[in-house]
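Please read the structure below before turning to the comments.
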Amino acid sequence: MAQADTASRDALVDRFGRVHTSLRIGVTDRCNLRCRYCMPEQVEFLPRSEILTFEEIERVTRVACLLGVRKVRITGGEPLVRRNVTDLVARLARLPELEEIALTTNGLLLADHAVALKEAGLDRLNISLDSVRPEVFGQWTRRDVLPRVLEGIDAAMEAGFDSIRLNALAIRGLTEEEIGPLVRFARSKRLEVRFIEFMPIDGEQRWERASVLTGAEIRRRIEAEFGRLSERSRPDPSQPARDYVLPDGTRIGLICSVSEPFCEACNRLRLTAEGQLRNCLFSTVSWDIRHLLRSGADDASLMEMMRQCIRAKKRGHGTDDPTMLRPDLAMYQIGG
Ligand code: SAM
Ligand code: SF4
Numbered sequence: 006m007a008q009a010d011t012a013s014r015d016a017l018v019d020r021f022g023r024v025h026t027s028l029r030i031g032v033t034d035r036c037n038l039r040c041r042y043c044m045p046e047q048v049e050f051l052p053r054s055e056i057l058t059f060e061e062i063e064r065v066t067r068v069a070c071l072l073g074v075r076k077v078r079i080t081g082g083e084p085l086v087r088r089n090v091t092d093l094v095a096r097l098a099r100l101p102e103l104e105e106i107a108l109t110t111n112g113l114l115l116a117d118h119a120v121a122l123k124e125a126g127l128d129r130l131n132i133s134l135d136s137v138r139p140e141v142f143g144q145w146t147r148r149d150v151l152p153r154v155l156e157g158i159d160a161a162m163e164a165g166f167d168s169i170r171l172n173a174l175a176i177r178g179l180t181e182e183e184i185g186p187l188v189r190f191a192r193s194k195r196l197e198v199r200f201i202e203f204m205p206i207d208g209e210q211r212w213e214r215a216s217v218l219t220g221a222e223i224r225r226r227i228e229a230e231f232g233r234l235s236e237r238s239r240p241d242p243s244q245p246a247r248d249y250v251l252p253d254g255t256r257i258g259l260i261c262s263v264s265e266p267f268c269e270a271c272n273r274l275r276l277t278a279e280g281q282l283r284n285c286l287f288s289t290v291s292w293d294i295r296h297l298l299r300s301g302a303d304d305a306s307l308m309e310m311m312r313q314c315i316r317a318k319k320r321g322h323g324t325d326d327p328t329m330l331r332p333d334l335a336m337y338q339i340g341g
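In this note's numbering, each residue carries its 1-based index in the sequence shown increased by 5.
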């Protein structure tokens with residue numbers, strides 16, 4: 006039977022009819038920054054033996070492809086601190102069903118890896134950049150390394166990636182003044198910049214509803230300074246951002262995960278660095294696929310676990326509900 010037939014018959018469809026075609030892979034919980042909204046300064050990292058090997062990640066991805074997964078995003082923690090992560094990209098690029106391999110990075114090691122990642126088959130890069138002002142960047146990330154991140158962005162552009170996007174976190178009372186400089190920076194580089202609402206998955210549990218700088222407010226601020234934002238059509242309805250363009254052509258995205266959740270279009274399955282499947286960033290339940298991998302389970306058992314995980318997915322993540330319980334893991338542990 007052709008792969009496509011297998012995929013459509015066995016597709017990862019949940020109780021609400023959502024078809025899951027995207028896998029987020031956390032490859033490490035370690036990081037070379039300590040962004041205040043993500044990771045505490047002192048962290049106990051997972052021992053190496055608990056982290057999935059590249060062979061194990063490749064196997065999970067291959068099996069997920071049999072169930073219709075077509076896109077992966079490699080993330081973490083900081084994926085570029087995982088030794089030889091380029092080899093993982095190359096392995097995944099050899100899976101015939103995968104149509105897209107993307108990676109989210111803080112950019113700090115990108116100048117060293119950009120060319121090799123491109124050659125290994127990486128298609129898209131998201132680079133997190135919350136401020137282009139060195140002192141603010143240093144306060145947020147607790148590391149004074151903005152110039153190195155900017156070099157990483159330049160290196161990625163020179164390496165010839167078709168799609169490079171900047172991701173900036175938006176927090177009320179902290180980041181309003183970063184929006185204008187970030188838009189100007191993105192314009193000067195001809196890159197898209199996306200602003201992401203602060204979500205309650207911060208390692209220090211400081212999130213509160215009042216600290217969410219909403220997409221609507223960001224939009225007002227951008228329009229006041231740069232002119233009207235026109236909405237762009239979405240080629241992929243499952244992608245979380247609302248896409249806009251400024252009169253000068255600068256592309257802006259708003260990810261309103263808290264104020265306007267986009268759960269009805271969610272198509273993501275998640276694999277944490279320690280080999281746990283999750284069906285949502287905000288879930289508190291895991292499916293231990295590492296145990297299956299390490300106990301000689303066959304592909305059919307892995308598929309069944311993926312199906313169970315997706316069948317248990319809730320309609321929405323609930324961050325718009327004031328009674329929501331906080332997730333048990335922070336963003337760097339789940340794989341943001
Ligand atoms: N280290 C890489 C990076 O920073 O791009 C990849 C992992 S990081 C967890 C992925 C994304 O999650 C980053 O863009 C970061 O801004 C975002 N993030 C982290 N904590 C967040 C939070 N509490 N709310 C919203 N986004 C968050
Ligand atoms: Fe590290 Fe990314 Fe979390 Fe910042 S957001 S601490 S770079 S994992």
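Each residue gets a CB set at the ideal place from its N, CA and C atoms; glycine is no exception.
Whole-angstrom distance between residue j and residue i, CA atom to CA atom
i: residue 9; j: residue 113; result: Here the model assigns residue 9 a pLDDT of 41, short of 50, so the residue's position is not dependable, and the following value carries that caveat. C-alpha separation (whole angstroms): 39 Å.
i: residue 326; j: residue 215; result: 14 Å
i: residue 104; j: residue 73; result: 11 Å
i: residue 318; j: residue 291; result: 11 Å
i: residue 282; j: residue 160; result: 33 Å
i: residue 340; j: residue 174; result: 16 Å
i: residue 107; j: residue 78; result: 5 Å
i: residue 289; j: residue 71; result: 26 Å
i: residue 37; j: residue 59; result: 21 Å
i: residue 197; j: residue 167; result: 12 Å
i: residue 320; j: residue 269; result: 7 Å
i: residue 6; j: residue 91; result: Residue placement at residue 6 cannot be trusted, given a pLDDT of 37 that sits under 50; what the coordinates show is reported in the next sentence. Rounded to whole angstroms, residue 6 to residue 91 spans 32 Å at the Cα level.
i: residue 259; j: residue 207; result: 20 Å
i: residue 224; j: residue 303; result: 49 Å
i: residue 210; j: residue 275; result: 22 Å
i: residue 337; j: residue 251; result: 32 Å
i: residue 226; j: residue 257; result: 12 Å
i: residue 63; j: residue 152; result: 34 Å
i: residue 41; j: residue 141; result: 12 Å
Distance between beta carbons of residue j and residue i, contact taken as under 8 Å
i: residue 110; j: residue 130; result: 7 Å
i: residue 100; j: residue 66; result: 6 Å
i: residue 278; j: residue 81; result: 7 Å
i: residue 218; j: residue 180; result: 6 Å
i: residue 95; j: residue 28; result: Their Cβ separation, rounded to whole angstroms, is 17 Å, which puts residue 95 and residue 28 out of contact at 8 Å.
i: residue 164; j: residue 137; result: About 21 Å separates the two Cβ atoms, so there is no contact after all.
i: residue 35; j: residue 50; result: 5 Å
i: residue 332; j: residue 287; result: 5 Å
Residue i, DSSP secondary structure in three states
i: residue 340; result: coil
i: residue 203; result: coil
i: residue 305; result: helix
i: residue 148; result: coil
i: residue 9; result: No answer about residue 9 holds up, because its pLDDT of 41 lies below 50 and its placement is not dependable.
i: residue 175; result: strand
i: residue 159; result: helix
i: residue 216; result: helix
i: residue 188; result: helix
i: residue 25; result: coil
i: residue 312; result: helix
i: residue 3; result: The chain is shown from 6 up to 341; residue 3 falls before or after that span and cannot be answered.
i: residue 198; result: strand
i: residue 168; result: strand
i: residue 263; result: coil
i: residue 193; result: helix
i: residue 247; result: strand
i: residue 236; result: strand
i: residue 256; result: strand
Short CB-CB distance (under 8 Å) between residue i and chain D
i: residue 309; result: Absent here is chain D; the protein component of the structure consists of one chain.
* **Secondary structure, alpha helix (DSSP H): runs of 4+ residues fully inside the stretch 84 to 144** => Here the runs fully enclosed are 90 to 98 and 115 to 125.
* To do: Assess, as a yes-or-no matter, whether the stretch 200 to 208 is touched by the stretch 254 to 265 under the definition of 3 or more beta carbon pairs within less than 8 Å.
  => yes
* Asked: Do the stretch 124 to 143 and the stretch 160 to 171 make contact, defined as three or more Cβ pairs closer than 8 Å?
  -> yes
* Entirely within the stretch 33 to 65 and at least 3 residues each: give me those beta strand (DSSP E) ranges in chain order. => none
* To do: Please confirm if the stretch 306 to 320 is in contact with the stretch 39 to 54, defined as three or more CB-CB distances below 8 Å between the two stretches.
  => Below 8 Å, too few C-beta pairs join the stretch 306 to 320 and the stretch 39 to 54 to call them touching: fewer than three.
* For the stretch 179 to 189 and the stretch 236 to 248, state whether three or more C-beta atom pairs, one from each stretch, are separated by less than 8 Å. => Taking one beta carbon from each stretch, the stretch 179 to 189 and the stretch 236 to 248 have fewer than 3 pairs nearer than 8 Å; the two do not touch.
* **Uninterrupted beta strand (DSSP E) stretches inside the stretch 268 to 292 (no shorter than 3 residues)** => 273 to 276 and 281 to 283
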